[in-house]
Amino acid sequence: MQQTSLHPMLNVAIKAARAAGALINRASLDLEALRINTKSPNDFVTEVDHAAEGVIIETLLGAYPDHGILAEESGRSRGAKHSEFVWIIDPLDGTTNFIHGLPVYCVSIALAHRGVVQQAVVYDPTRNDLFYATKGRGAFLNDRRLRVSKRTRMSDALIGTGFPFRRGDNFKRYVKMFEEVMQHCAGLRRPGAAALDLCYVAAGYYDAFFETGLQPWDVAAGSLIVSEAGGLIGNFTGEADFLHQREVVAGNPKIYGQLVTMLAPYSRVIKEEDVAAAPAAAPAAPAAEPAPAAPRKRGPVRIKKTDGDDAPV
Numbered sequence: 000m001q002q003t004s005l006h007p008m009l010n011v012a013i014k015a016a017r018a019a020g021a022l023i024n025r026a027s028l029d030l031e032a033l034r035i036n037t038k039s040p041n042d043f044v045t046e047v048d049h050a051a052e053g054v055i056i057e058t059l060l061g062a063y064p065d066h067g068i069l070a071e072e073s074g075r076s077r078g079a080k081h082s083e084f085v086w087i088i089d090p091l092d093g094t095t096n097f098i099h100g101l102p103v104y105c106v107s108i109a110l111a112h113r114g115v116v117q118q119a120v121v122y123d124p125t126r127n128d129l130f131y132a133t134k135g136r137g138a139f140l141n142d143r144r145l146r147v148s149k150r151t152r153m154s155d156a157l158i159g160t161g162f163p164f165r166r167g168d169n170f171k172r173y174v175k176m177f178e179e180v181m182q183h184c185a186g187l188r189r190p191g192a193a194a195l196d197l198c199y200v201a202a203g204y205y206d207a208f209f210e211t212g213l214q215p216w217d218v219a220a221g222s223l224i225v226s227e228a229g230g231l232i233g234n235f236t237g238e239a240d241f242l243h244q245r246e247v248v249a250g251n252p253k254i255y256g257q258l259v260t261m262l263a264p265y266s267r268v269i270k271e272e273d274v275a276a277a278p279a280a281a282p283a284a285p286a287a288e289p290a291p292a293a294p295r296k297r298g299p300v301r302i303k304k305t306d307g308d309d310a311p312v
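In numbering that gives the first Met the number 0, the protein residues as written are 0 to 312.
Next comes the structure, spelled out in C-alpha cells:
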C-alpha cells in the first residue's frame, strides 16, 4: 500500500510520528545530556518527551485546528475542548528504556471520533518500523499487511506483558496473574513499551498480550492495529470498554479467549462492581467477622479482596 492511498488524517499522523521519531533519534545519540524528571517513583519524563509531544501537537493542529488533544504530558490543555475528534498521543512510550539506551520505545498516535478509534500510528524510530491502520482498511507494517498469529493452543503461545511499577500498584495481584499465565503458555516477555507490544500481537510476533495500569494513550493506537489485523482486544472480562479501565488483553481470537478465562478473576471491573455493593455491608462487618471468612475460601473472591488495595489508582 502506497502512502498516497492512505486516509488524509492518517497521513498527517504519520508525518507527526516521523517528526517526533527524528527528534527522539537525535536525542538518543547523547543520553547523558538529557534532563530527566520523575513524575512518580519509577515513572520518568524527559525533555525529549515534551519536545516530541510538542512537535506532534503542532503538526496535528496545523492540519486540524478544530480537533481535540489528549496527550500524556499535557493532557487536554491543547486543542478544541469539545470536538468530536480527539487525538490521543503518547510521544515516547518506553521512556525508561530510552533513558537507559535500550532501543525499545515508540511514538503512538491515535484519532478517535466520538470515542471510537479511527486512525492509528505506532512508530519505532530505532528500526524505522511504521505500524498503522485505518478502521475498516486493515493494519500494516511499512508496506506489509499484518495478520495475527494462527496458534490455537495456549501451551504453544508466546505472550507479552507489562510489570506494575508505580507506587500503589497491586503487585500481589500481578504476581498471581503472572504465575497463572506462565504455567500455561510457552513463554512470557516484557520489553517495556505497551504500544509496541500491541503491534507485536498484530504482527503475529506475540500470540497475546496483557497488562494492567495502562492509560488511554498507551493502548489507543495499538488497539486499532490489533483489531484491523484480525485480533481481539478488551478488558480482562472480554468487554470492549478497555480504553479507560486500566487493564487490557489482546490476542488472536483463540488465545484471546483462553487468556480472558484466566484473567477474568483478576479484573478491576469485577472489583469495582464489588466495591459499589460494599457500602451497605461495610458497617456490619466488625460485628460479623466470621461472615466474610467463607468467601475467602474461593480463589476469585480472595483475589478481588486484595485488589481493593489498588482501588485509588
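Every residue, glycine too, gets a C-beta built ideally from N, C-alpha and C.
Inter-residue Cα distance where the pair is residue i and residue j
i	j	result
Y199	V225	9 Å
T93	Y104	Correcting the residue type first, residue 93 is Gly in the shown sequence and not Thr. Cα to Cα, the separation comes out at about 5 Å.
A194	V106	8 Å
P90	A70	8 Å
P294	V248	At P294 the pLDDT is 40, less than 50, meaning the model places this residue with poor confidence; the figure from the coordinates comes in the next sentence. Distance between the alpha carbons of P294 and V248: 27 Å.
R150	D206	7 Å
H81	E178	44 Å
A253	K134	Checking the displayed sequence, the identity of residue 253 turns out to be Lys instead of Ala. In a straight line, the C-alpha of K253 is about 22 Å away from that of K134.
V259	N251	12 Å
S27	H112	34 Å
T95	H49	15 Å
Contact set for residue i: own chain, Cβ-Cβ below 6 Å, skip 5 residues either direction
i	result
M153	H183, C184, Q257
A119	A109, A132, A220, L223, I224
N24	P124
L33	T45
L242	P215
L231	P252, Y255
A62	V11
G186	L157
Residue from the options with nearest C-alpha to residue i
i	options	result
R188	M181, T160, Q118	T160
Q244	L213, W86, R136, G20	L213
R172	A51, Y265, A50, L59	Y265
S148	E52, F208, T58, A62	F208
A192	Y122, N251, G229	Y122
E334	R75, H66, L242	For the chain, the structure presents residues 0 to 312; residue 334 sits outside this window and is missing.
G53	R77, S4, V85, P64	R77
E72	A79, Y63, A51	A51
V180	P102, L28, V116, L262	L262
L157	D48, Y255, A21	Y255
L60	V116, W86, A21, V115	W86
P190	M8, V115, P102	P102
Nonlocal neighbours in the same chain, by C-beta distance under 7 Å from residue i, ignoring five residues either side
i	result
L313	Missing from the structure shown is residue 313; the chain here goes from 0 to 312 and no further.
G203	R146, V147, S148
T211	P163, Y173, R245, E246
R144	G137
F170	P163
L197	F208, V218, G221, S222, I224, V225, A249
A228	A138, L145, R146, V147, A201
T58	V11, K14, A15, A18
A79	D65, H66, G67
M176	L262, Y265
Bridge partners - residue i, DSSP secondary structure assignment
i	result
Q118	L110, T133
I68	W86
G233	V248
D123	D128
C105	D92
G256	Bridge partners of G256: none, in fact.
V200	V200 is not bridged to any residue.
I98	The partner list for I98 (beta bridge, DSSP) is empty, contrary to what the question assumes.
V44	N36
Where residue i falls: helix, strand or coil (DSSP)
i	result
G53	helix
V147	coil
H6	coil
C184	coil
T210	Sequence check: residue 210 is Glu here, not Thr. Here E210 sits in strand by DSSP.
G159	strand
G20	helix
A138	strand
G61	helix
G74	strand
H81	coil
L28	coil
S226	helix
Proximity test, residue i beta-carbon vs the ligand COA heavy atom, cut-off 8 Å
i	result
A32	As for the ligand COA, it is missing from this structure, which has no ligand bound.
Residue-chain proximity (residue i, chain B), Cβ-Cβ < 9 Å
i	result
V47	You won't find chain B in this structure, because it holds only one protein chain.
Chain-order list of residues whose beta-carbon lies under 8 Å from that of residue i (same chain, five-residue window excluded)
i	result
S4	none
L22	V47, A50, A51, V54
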